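Working notes, beginning with the structure itself.
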Amino acid sequence: MTPHELAITAQNLKSQFDLGLLNQSEFKELVNNVIIVETINNDALLLEENIVYHTIIDNIIDIASALV
Amino acid sequence: MKIISAIIFSLFLSGCATLTNLYDSYYMAKYDTSEHALINVITVYSSLAKSSCYNDRRMKIVSKHLFETSTELKNFSSHLPNNELTIKLNNSLHIMVEELHTRYENNKSVNKTYCELKLQSISDVASIIQKTIAKRPRS
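Taken in order, these protein sequences are the chains called L and R. Position in the first sequence counted from 1, then plus 1005, gives you our numbering. Position in the second sequence counted from 1, then plus 1, gives you our numbering.
Spelled out as structure tokens, the structure:
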């Protein structure tokens, strides 16, 4: 999520709070969740990177085994 | 001389980091059907539950079920070797599910907007984790 998208999400939550659709503790929790979702997104990307590395190493080992 | 030493030292350090990274990648926890099944329950259930947000009593049951499944997933994945990143992901998801559960356990009424937005966040996060878990190497 870009900083601009983050700002829009936070603004949407603020609007819901201003309209009385969320109370203060719910609003705070949901804003905090936006940060958690971003952290999870980054960690998931790291895990995917590791999966790609694993596949590359596996392929190298396969090729090396075929050559021997 | 100092500059050359610094360059060699930094290369050495980055080399170690890359080697550790490759080691972790190669020996990472493999795909696990039970782990995938548990995260799938959370994805599906949180997505379907949005239509029950108008009913607090029903949502109390739903949030309890989500909390139990999330706890089961957290416990299950934390005992798989070389599974650190997935454990981190599942712990973050568990925090969100626990917040929802606590709110329905402690409050008499919860705002419908909160319920819908919270379930949407849980569903999005569970979906991200599920996609990543499903890609893990089979063998």
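Beta carbons are placed, not taken as given, at the ideal position from N, Cα and C, and that holds for glycine. The model shown is predicted, which means the values in this text are computed figures rather than measured ones.
Three-state secondary structure (DSSP) of residue i
| i | result |
| --- | --- |
| L/L1024 | coil |
| L/P1008 | helix |
| R/L81 | coil |
| R/N92 | helix |
| R/S110 | coil |
| R/M97 | helix |
| R/S140 | coil |
| R/L12 | Because R/L12 sits at a pLDDT of 49, beneath the cut-off of 50, its placement in the model cannot be relied upon, and the following sentence gives the value as read from the coordinates. The answer is helix: DSSP assigns R/L12 an H, G or I state. |
| L/V1042 | helix |
| R/A135 | helix |
| R/K31 | coil |
| L/V1036 | helix |
> Any residues in the region 1036-1054 of chain L with a beta carbon nearer than 7 Å to a beta carbon of chain R? Which ones, in chain order?
Replying inline: Sequence-ordered contacts of the region 1036-1054 of chain L with chain R read N1038, I1041, V1042, T1044, I1045, N1046, D1048, A1049, L1051, L1052, E1053 [C-beta pairs closer than 7 Å].
>> With three or more C-beta pairs closer than 8 Å as the rule, is the region 105-114 of chain R touching the region 53-71 of chain R?
In response: yes
> Is the number of C-beta pairs between the region 1027-1039 of chain L and the region 84-92 of chain R that are closer than 8 Å three or more?
Replying inline: Not touching, per the Cβ criterion.
> Using a Cβ cut-off of 8 Å, which residues of the region 1015-1029 of chain L contact any Cβ in chain R, in chain order?
Replying inline: L1018, Q1021, L1026, L1027, N1028
>> Does the contact criterion of 3 or more C-beta pairs under 8 Å hold for the region 48-56 of chain R versus the region 80-88 of chain R?
In response: no
> Taking three-plus beta-carbon pairs below 8 Å as touching, is the region 20-29 of chain R in contact with the region 126-133 of chain R?
Replying inline: no
>> List, from N- to C-terminal side, the beta strand (DSSP E) runs of 3 residues or more that fit wholly inside the region 43-68 of chain R.
In response: none
>> For the region 99-118 of chain R, list every residue whose C-beta sits within 7 Å of some C-beta in chain L, in sequence order.
In response: E100, N112, T114, Y115, L118
> Which residues, in chain order, does the region 23-35 of chain R contribute to contact with chain L at a C-beta distance below 7 Å?
Replying inline: L23, D25, S26, Y27, M29
> In the region 80-93 of chain R, which residues sit with their C-beta less than 9 Å from some C-beta in chain L, listed in chain order?
Replying inline: L86, T87, K89, L90, S93
>> Pairs of beta-carbons, one from the region 32-39 of chain R and one from the region 73-81 of chain R, closer than 8 Å: are there three or more?
In response: yes
> Going along the chain, which residues of the region 56-67 of chain R sit with their C-beta nearer than 9 Å to a C-beta in chain L?
Replying inline: none
> Three or more beta-carbon pairs under 8 Å between the region 1007-1022 of chain L and the region 1039-1053 of chain L, yes or no?
Replying inline: Output reads yes: the region 1039-1053 of chain L touches the region 1007-1022 of chain L.
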